[in-house]
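Okay, so here's the structure we're looking at.
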C-alpha cells in the first residue's frame, strides 16, 4: 500500500477519493491510516522478532487483573523449556520489572510517565536495551488500561486480554475495542469464584462471541496454579506456529479478523 | 487520553501531504473514524488544535466523518449494520461475522491552499 500509485484505492473506498472542491484550493485524497507512522514502526519491530524466530505477545487488561502474577507463574513454568524476555509498561516505578528479574528473566521497564498506552516507538526503544538473541518468547505487559492500548500496534504477533473474576463479566460488552482485539481471553483469579456470586465465566465468554471473536477462552488462577496447563499448552502451540511461519518467511498480525482489512481501506 | 497521540500523528501526516504537494497550508482535513477504532471524534476535535498550534494546518477545519459499523455474515452472507458491542448478523443472528466497516481510522482527504506563483501542476 502506498501514496503514489493509487493502490490504496479499492472498489469500496474510491467514491471517497475524488470530490469537487472550491476554486483556488486543491483536494488531495490520502486514504491513509492515521496511525501509519506507528504501524510502520510496529512492522519494523515485527521484522526484528521474525528474524530471530521470537513470538511476541502483548498482554492487556485493566490494572490489577493479574498480568504480572500470570507472567511470574508462566516464566517459572517455562524456564527449562524456553528463553523468555519481558517488556513492562507502567506509568511509574520499576516494580514489575524487578518482580520479573527476581524470577531470573530478562526484563526492561518502560516508564510512560503520563501516557496511558505503549506504542511501537516505545517498544522499539526498549528492544535496544535488551538482548534478543536466543529469546523464544517475548511478553509485552502493556499499561493496565482497557481502552487506549487496543488502538496501538506494537509489532506483537498475538494479543492476550485478561479479565479477572473480580471485574464484571460484561467487560467485553463495555470495552468492545479491546476485547475484539484479543487472540485469547484469560479469565483470571478463578480461585476467587467460590466467594464471588456475580461473575459468570460463561457470560463473559458469550459477550466475547457477540464481538464476533472466536478467540479461545481459558480460565485460570496463576497464584493457585489452576488451569495453567491449558495456557502453557496454548503458548507452546503458538510458538510452534510462529516457528513454522518464520520457516516459510511469513508473519502474523494480531487478530481483528485480518481478512476484514480487504473490505476497507485501513492500513494493511 | 490517547486522542492527543492520534492528533499528533494526524498533524505529522498532514504536514507530509502539504510538503508533497508544495502547498502553503491545509484548509480542510477530513478523517473517517469508526466506533471500533477506539478513538472518540469529539476528543480528537478537542486535541487537534493543541497538536496543530503553530503548524500549517492550524486554521484548518477538521471534519470527522463517522463510519457506521457494518458486518458481513460468514454463515448467511448478509451485510447488516450492527452495534459496536454486538457484532451479530442482523439477518440470522450468527456471531461468525466480519467487520467490513466501523474500525477505520483514516485520513481521508485534505484540501490545500497553494501559493499562486509557485503552484506546480500535479
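Residue numbers (this note's numbering), protein chains in the order written: chain Z, 808 to 1075; chain H, 876 to 997. Cβ coordinates follow ideal geometry from the N, Cα and C atoms, glycine included.
**Request:** State buried or exposed for residue 983 (chain Z), treating a residue as buried only when at least 16 other CB atoms are found within 10 Å of its CB.
**Result:** With 16 or more other Cβ atoms from the protein chains shown falling within 10 Å of its own Cβ, residue 983 (chain Z) counts as buried.
**Request:** Check each residue of the region 965-992 of chain H: if its Cβ is closer than 8 Å to any Cβ of chain Z, include it; give the result in chain order.
**Result:** Taking 8 Å as the upper bound on Cβ-Cβ separation, chain Z lies near residues 970, 971, 972, 973, 974, 975, 976, 978, 979, 980, 981, 982, 983, 984, 985, 986, 987, 988 and 989 of the region 965-992 of chain H.
**Prompt:** Would you say residue 884 (chain H) faces chain Z, with C-beta separation under 7 Å as the test?
**Reply:** By the rule that beta-carbons nearer than 7 Å mark a contact, residue 884 (chain H) touches chain Z.
**Prompt:** From residue 1035 (chain Z) to residue 1028 (chain Z), what does the alpha carbon distance come to, in whole angstroms?
**Reply:** Their Cα atoms are separated by approximately 7 Å.
**Residues sharing a beta bridge with residue 986 (chain Z), DSSP** = According to DSSP, which records beta bridges pairwise, residue 986 (chain Z) is partnered with nothing at all.
**Message:** Determine whether the beta carbon atoms of residue 856 (chain Z) and residue 943 (chain Z) lie at a separation below 7 Å.
**Reply:** For residue 856 (chain Z) and residue 943 (chain Z), no; Cβs fall outside 7 Å.
**Item:** Any chain Z beta carbon closer than 7 Å to residue 892 (chain H)
**Value:** Contact with chain Z is found for residue 892 (chain H), since one of that chain's Cβ atoms lies less than 7 Å from the residue's Cβ.
**Message:** Measuring straight from C-alpha to C-alpha, what distance separates residue 1074 (chain Z) and residue 1001 (chain Z)?
**Reply:** Bear in mind that a pLDDT of 37 at residue 1074 (chain Z), under 50, signals an unreliable position, so the model cannot answer this.
**Prompt:** residue 900 (chain H) touches chain Z at which residues, Cβ-Cβ below 9 Å?
**Reply:** Listed by position along chain Z, the residues whose Cβ is nearer than 9 Å to that of residue 900 (chain H) form an empty set, because the closest Cβ is around 10 Å away.
**Request:** Mind checking which residues open and close the beta strand (DSSP E) that includes residue 946 (chain Z)?
**Result:** Where residue 946 (chain Z) is concerned, the enclosing beta strand (DSSP E) stretches over 944-948.
**Request:** Report the three-state DSSP secondary structure of residue 874 (chain Z) (helix, strand or coil).
**Result:** In the structure shown, residue 874 (chain Z) adopts helical secondary structure according to DSSP, grouped into three states.
**Prompt:** Can you check whether the CB of residue 889 (chain H) is closer than 7 Å to the CB of residue 985 (chain H)?
**Reply:** Yes, these two residues count as a Cβ contact at 7 Å.
**Prompt:** If you draw a straight line from the C-alpha of residue 978 (chain Z) to the C-alpha of residue 993 (chain Z), how long is it?
**Reply:** Cα to Cα, residue 978 (chain Z) sits roughly 13 Å from residue 993 (chain Z).
**Request:** Below 8 Å on the Cβ atoms is my guess for residue 1011 (chain Z) versus residue 1025 (chain Z); work out the distance and round it to an integer in Å.
**Result:** That pair is no contact at about 12 Å.
**Item:** Enclosing beta strand (DSSP E) for residue 1046 (chain Z) [first to last residue]
**Value:** No beta strand (DSSP E) contains residue 1046 (chain Z), which is instead part of the alpha helix (DSSP H) from 1035-1054.
**Message:** Below 8 Å, how does it come out for the region 904-921 of chain H and the region 940-954 of chain H: are there three or more Cβ pairs, yes or no?
**Reply:** Yes, the region 904-921 of chain H touches the region 940-954 of chain H.
**Message:** Could you check whether residue 972 (chain H) and residue 965 (chain H) sit closer than 7 Å to each other, using their CB atoms as the reference points?
**Reply:** Not in contact: residue 965 (chain H) and residue 972 (chain H) (Cβ atoms no closer than 7 Å).
**Asked** What residue range is occupied by the uninterrupted beta strand (DSSP E) comprising residue 897 (chain Z)?
**Response** Unbroken beta strand (DSSP E) run through residue 897 (chain Z): 891-897.
**Asked** Is residue 1046 (chain Z) closer than 7 Å to residue 862 (chain Z) when the C-beta atoms are compared?
**Response** The Cβ-Cβ distance between residue 862 (chain Z) and residue 1046 (chain Z) falls below 7 Å.
**Item:** DSSP three-state assignment for residue 887 (chain H), whether helix, strand or coil
**Value:** In the structure shown, residue 887 (chain H) adopts helical secondary structure according to DSSP, grouped into three states.
**Message:** Going by DSSP, what residue range makes up the alpha helix (DSSP H) through residue 1077 (chain Z)?
**Reply:** This structure cannot settle anything about residue 1077 (chain Z), because the visible part of chain Z is limited to 808 through 1075.
**Message:** Please state the DSSP three-state secondary structure of residue 986 (chain H).
**Reply:** Annotated three-state conformation of residue 986 (chain H) is strand, per DSSP.
**Request:** Using a Cβ cut-off of 9 Å, pull out every chain H residue sitting near residue 852 (chain Z), in sequence order please.
**Result:** Those do not exist, as residue 852 (chain Z) stays about 17 Å from chain H at its closest Cβ, beyond 9 Å.
**Request:** For the region 865-875 of chain Z and the region 955-972 of chain Z, state whether three or more C-beta atom pairs, one from each stretch, are separated by less than 8 Å.
**Result:** When C-beta atoms of the region 865-875 of chain Z are compared with those of the region 955-972 of chain Z, three or more pairs fall below 8 Å, so the two segments count as touching.
**Asked** How many angstroms separate the CA atom of residue 939 (chain Z) from the CA atom of residue 880 (chain H)?
**Response** Just so you know, the alpha carbons of residue 939 (chain Z) and residue 880 (chain H) end up roughly 28 Å apart.
**Request:** Compare the Cα-Cα distances from residue 927 (chain Z) to each of Z:1061, Z:1021, Z:845 and Z:1058 and report the closest residue.
**Result:** Nearest C-alpha to residue 927 (chain Z): Z:845.
**Request:** Determine the extent of the beta strand (DSSP E) in which residue 839 (chain Z) is found, giving its start and end residues.
**Result:** Residues 832-840.
**Message:** Could you tell me the alpha carbon to alpha carbon distance between residue 997 (chain Z) and residue 899 (chain Z), rounded to whole angstroms?
**Reply:** Taking the straight line joining both Cα atoms gives about 28 Å.
**Prompt:** How about residue 958 (chain Z): is its C-beta nearer than 7 Å to some C-beta of chain H?
**Reply:** For residue 958 (chain Z), the answer is yes, since a Cβ of chain H falls inside 7 Å of its Cβ.
**Prompt:** How should residue 839 (chain Z) be labelled, buried or exposed, when 16 other C-beta atoms within 10 angstroms of its C-beta is the threshold for buried?
**Reply:** Result: buried.
**Prompt:** Along chain Z, in chain order, which residues have C-beta atoms closer than 7 Å to that of residue 961 (chain H)?
**Reply:** Against chain Z, a Cβ distance below 7 Å from residue 961 (chain H) picks out 1017.
**Request:** Establish whether the CB of residue 924 (chain Z) and some CB of chain H are separated by less than 7 Å.
**Result:** For residue 924 (chain Z), the answer is yes, since a Cβ of chain H falls inside 7 Å of its Cβ.
**Request:** Establish whether the CB of residue 881 (chain H) and some CB of chain Z are separated by less than 7 Å.
**Result:** Yes, because at least one Cβ of chain Z sits closer than 7 Å to the Cβ of residue 881 (chain H).
**Item:** Top-ranked residue by Cα proximity to residue 1009 (chain Z), from Z:975, Z:1032 and Z:985
**Value:** Residue Z:975 is the option with its Cα nearest to residue 1009 (chain Z).
**Message:** Taking 6 Å as the limit between beta carbons, can you name the residues of its chain near residue 931 (chain H), skipping five residues before and five after?
**Reply:** Excluding its 5 nearest sequence neighbours in each direction, residue 931 (chain H) has C-beta neighbours in its own chain below 6 Å: 893 and 900, listed in chain order.
**Item:** With 16 other Cβ atoms within 10 Å as the buried cut-off, status of residue 956 (chain Z)
**Value:** With 16 or more Cβ atoms within 10 Å of its Cβ, residue 956 (chain Z) is classed as buried.
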